[in-house]
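The sequence shown runs 112 to 625 under our numbering.
Here the structure is laid out as structure tokens; the discussion comes afterwards.
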Amino acid sequence: MRPTALILAALAAPVAAQAPELPADFDAYVAGVMADHEVPGLAIAVVQDGRVILAKGYGVRALGANDRVDAHTLFGIASNTKAFTATALALLVEEGKLGWEDPVIEHLPWFRLSDAWVTSQLTIRDLLVHRSGLGLGAGDLLWWPSSTYTRREVAERLRFLPLVTSFRSAYAYDNVLYTVAGEVIEAVSGMPWEAFVQQRILDPVGMTDSRIRHPGIMGTPNISGTHARVEGTVRAITPFTSDNTNPAGGITASATDMAKWLQVQLDSGRVAGATRLFRPTTTRELWRIVTPQPEVVAPPLLAPLATPIRGYALGFEVRLYRGQQVVTHTGGLPGFISRVAMLPGKRLGIAVMTNMESPAMEPITWRIVDHVLGANHDWRSAYATLAKVQADQIAAARRGASAARDSTAGPALPLASYAGAYRDAWYGGIDIAAEPSGLVIRFGHTPSLVGDLVPWQYETFLVRWRDRELRADAFITFTLDPTGKVAEARMAPASPDVDFSYDFQDLRLVPVRR
Numbered sequence: 112m113r114p115t116a117l118i119l120a121a122l123a124a125p126v127a128a129q130a131p132e133l134p135a136d137f138d139a140y141v142a143g144v145m146a147d148h149e150v151p152g153l154a155i156a157v158v159q160d161g162r163v164i165l166a167k168g169y170g171v172r173a174l175g176a177n178d179r180v181d182a183h184t185l186f187g188i189a190s191n192t193k194a195f196t197a198t199a200l201a202l203l204v205e206e207g208k209l210g211w212e213d214p215v216i217e218h219l220p221w222f223r224l225s226d227a228w229v230t231s232q233l234t235i236r237d238l239l240v241h242r243s244g245l246g247l248g249a250g251d252l253l254w255w256p257s258s259t260y261t262r263r264e265v266a267e268r269l270r271f272l273p274l275v276t277s278f279r280s281a282y283a284y285d286n287v288l289y290t291v292a293g294e295v296i297e298a299v300s301g302m303p304w305e306a307f308v309q310q311r312i313l314d315p316v317g318m319t320d321s322r323i324r325h326p327g328i329m330g331t332p333n334i335s336g337t338h339a340r341v342e343g344t345v346r347a348i349t350p351f352t353s354d355n356t357n358p359a360g361g362i363t364a365s366a367t368d369m370a371k372w373l374q375v376q377l378d379s380g381r382v383a384g385a386t387r388l389f390r391p392t393t394t395r396e397l398w399r400i401v402t403p404q405p406e407v408v409a410p411p412l413l414a415p416l417a418t419p420i421r422g423y424a425l426g427f428e429v430r431l432y433r434g435q436q437v438v439t440h441t442g443g444l445p446g447f448i449s450r451v452a453m454l455p456g457k458r459l460g461i462a463v464m465t466n467m468e469s470p471a472m473e474p475i476t477w478r479i480v481d482h483v484l485g486a487n488h489d490w491r492s493a494y495a496t497l498a499k500v501q502a503d504q505i506a507a508a509r510r511g512a513s514a515a516r517d518s519t520a521g522p523a524l525p526l527a528s529y530a531g532a533y534r535d536a537w538y539g540g541i542d543i544a545a546e547p548s549g550l551v552i553r554f555g556h557t558p559s560l561v562g563d564l565v566p567w568q569y570e571t572f573l574v575r576w577r578d579r580e581l582r583a584d585a586f587i588t589f590t591l592d593p594t595g596k597v598a599e600a601r602m603a604p605a606s607p608d609v610d611f612s613y614d615f616q617d618l619r620l621v622p623v624r625r
């Protein structure tokens with residue numbers, strides 16, 4: 112066991128604590144945070160010592176509407192689903208149907224990564240801990256935005272993605288290997304991931320509100336809408352409803368249900384009375400750091416979050432905060448952002464789910480934690496100020512890029528010469544067409560990725576997506592061969608605030624010769 116794991120294991124022992132009353136001004140505090148970040152609605156669950164302290168909704172489900180968020184309103188919890196997938200695998204481990212150190216190919220003989228040796232060595236544990244050698248968000252364009260690829264096809268195409276670090280040498284967050292984990296669950300149990308999680312976790316825990324994402328999910332009663340700032344204005348946006356990566360982020364849940372989930376996690380798998388979802392040894396396995404995360408220098412406004420111990424376990428991040436072990440994770444999808452945090456030493460669990468893309472869940476989470484620990488920090492002011500600073504930095508970066516642009520230096524070839532069919536090894540076909548309005552790019556498996564190519568400078572064009580909700584404009588740069596024909600094209604995000612799952616930088620578009 113690593114030294115850090117020994118420290119955290121010692122901290123994990125439950126300590127008796129009195130159930131805290133929330134701060135007297137808590138509701139007003141939440142309202143203030145919502146106003147700071149223009150959040151229409153959110154829901155909060157707080158548990159301690161096995162008791163539900165709070166399960167409550169705030170605000171409205173949709174901007175401009177009167178439907179209130181309540182304790183049963185559903186929010187997409189996105190990557191907080193990863194803990195459910197890790198727990199599902201743990202149940203199969205307890206049953207002796209697989210082992211954490213089993214090679215993935217023992218259960219999925221068809222699975223491949225680009226390196227044959229890594230393929231042979233990659234274990235079930237490796238699928239969950241972000242150390243495979245794939246880069247940050249590698250392969251996410253196979254499913255994000257919603258694509259026509261199936262879950263199996265997403266997993267199969269990983270063999271074409273190059274590894275960017277050596278195996279198990281570095282932390283790089285990924286989603287696609289959790290999709291592979293879902294395929295393992297189906298292969299071993301004989302049940303699709305959705306059915307297994309429903310029958311083996313959601314039903315026994317009593318999470319009766321919760322639903323697993325599907326294309327018709329937004330028709331579910333009492334589900335929240337989704338919101339984001341688009342070109343300067345907070346508005347409703349189209350929700351993500353594809354089910355091809357559910358094991359990485361496909362659960363929608365309410366505050367009532369998340370309180371139940373937190374209770375089970377904090378009570379070492381106990382559901383009710385003597386009934387257990389999993390054994391106490393599984394809790395230790397799920398919460399043990401496997402992959403250390405790089406130390407991040409916290410800005411002065413967030414100084415209490417600085418920590419020398421931080422790493423990824425099985426579906427959870429684990430860190431120290433004011434001397435306490437914190438088992439936590441965030442989740443983000445279009446219009447849904449959430450935070451789960453547990454302090455085992457205080458038997459405290461918190462879930463904050465919002466229907467607006469903002470950091471609003473953070474000042475709420477850490478205010479509750481500090482209240483329990485008897486500490487104090489102005490989290491509301493810190494995150495409001497930091498949000499403004501970051502917005503100013505992004506605006507400055509965009510102005511800098513525009514100022515550095517030589518708009519008089521146009522492309523070397525007629526626009527029609529850049530048109531044609533292109534192919535990337537892992538994504539597949541991408542077309543660029545010469546239309547009356549100019550060049551238009553279309554990603555063959557992603558209906559919403561249709562954009563206009565605006566000459567930027569030299570052989571670089573700005574890809575301006577027609578769906579402005581994407582907020583992911585990119586640059587595409589063409590390289591010419593010695594004969595003056597296009598040899599390849601590379602892409603990159605055009606702004607520092609583009610979500611990392613738009614992994615344009617990993618594409619290498621090669622013309623399809625006819």
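Note that beta-carbon positions come from the ideal geometry of N, C-alpha and C, so glycine has one too.
What do you get for residue i, buried or exposed, if any count of 16 or more other CB atoms within 10 angstroms of its CB means buried?
i	result
T519	exposed
D320	buried
V308	buried
R516	exposed
S449	buried
R236	buried
Q504	exposed
K193	buried
W477	buried
S243	buried
N191	buried
Y260	buried
D178	exposed
Q376	buried
A600	buried
Q436	buried
How is the beta strand (DSSP E) around residue i delimited, first residue to last?
i	result
P622	619-622
I448	447-454
F554	549-554
M302	Segment: none, M302 is in no beta strand (DSSP E) and carries neither H nor E.
F611	No beta strand (DSSP E) holds F611; DSSP gives it neither H nor E.
V382	381-383
Might you give, ordered along the chain, the residues of its own chain that have their beta carbon closer than 8 Å to the beta carbon of residue i, omitting 5 neighbours on each side?
i	result
L247	A283, Y284, D285, F611, D614
L373	A156, V158, V451, M453, G460, I461, A462
L497	P410, L412, L413, P470
Might you give, ordered along the chain, the residues of its own chain that have their beta carbon closer than 7 Å to the beta carbon of residue i, omitting 5 neighbours on each side?
i	result
R263	E294
N333	H183, T184, L185
R575	G562, D563, V565, D584
S379	P391, T394
G170	M145, V150, P151, G152, L153, V180
A68	Residue 68 falls outside the range modelled here, since the chain spans only 112 to 625, and no answer is possible.
A486	R433
Per DSSP, residue i is paired with what?
i	result
M602	I587
L444	F447
Q159	R162, L459
F572	P566, I587
I362	I323
L153	Y169, T465
H338	A347, M467
T198	In DSSP, T198 forms no bridge with anything.
L313	Per DSSP, none; premise fails for L313.
L185	I334
R179	V171
Kindly list the residues whose CB is nearer than 6 Å to the CB of residue i, restricted to its own chain and excluding five residues on each side of it in sequence; keep chain order.
i	result
V631	Only positions 112 to 625 of the chain appear in this structure, which leaves residue 631 out of reach.
L238	L288, V291, A292
V623	A532, R534
L117	Any reading at L117 must be qualified, since the residue scores a pLDDT of 32, below 50, and its modelled position is unreliable; the value itself is stated next. Once the five neighbours on either side are set aside, L117 has no close Cβ partner at all.
P474	V144, W490, R491, Y494
P403	G422
I296	A199, W304, F307
If you follow the alpha helix (DSSP H) that residue i is in, where does it begin and where does it stop?
i	result
M369	366-377
R162	Looking at the DSSP string, R162 is not in any alpha helix (DSSP H); the run it does join, the beta strand (DSSP E), is 162-170.
D147	137-148
P391	391-398
V275	Unbroken run through V275: none, as it is neither H nor E.
V265	262-267
Complete beta strand (DSSP E) runs within the stretch 478-545 (minimum length 3 residues, chain order): The qualifying runs are 531-535.
4-residue-minimum alpha helix (DSSP H) runs that sit fully inside the stretch 402-440, ordered along the chain: Fully enclosed alpha helix (DSSP H) runs of 4 or longer: not present.
Within the stretch 202-260, ranges of the alpha helix (DSSP H) (whole runs, at least 4 residues): DSSP runs (the alpha helix (DSSP H)) wholly in the stretch 202-260: 215-218, 227-232.
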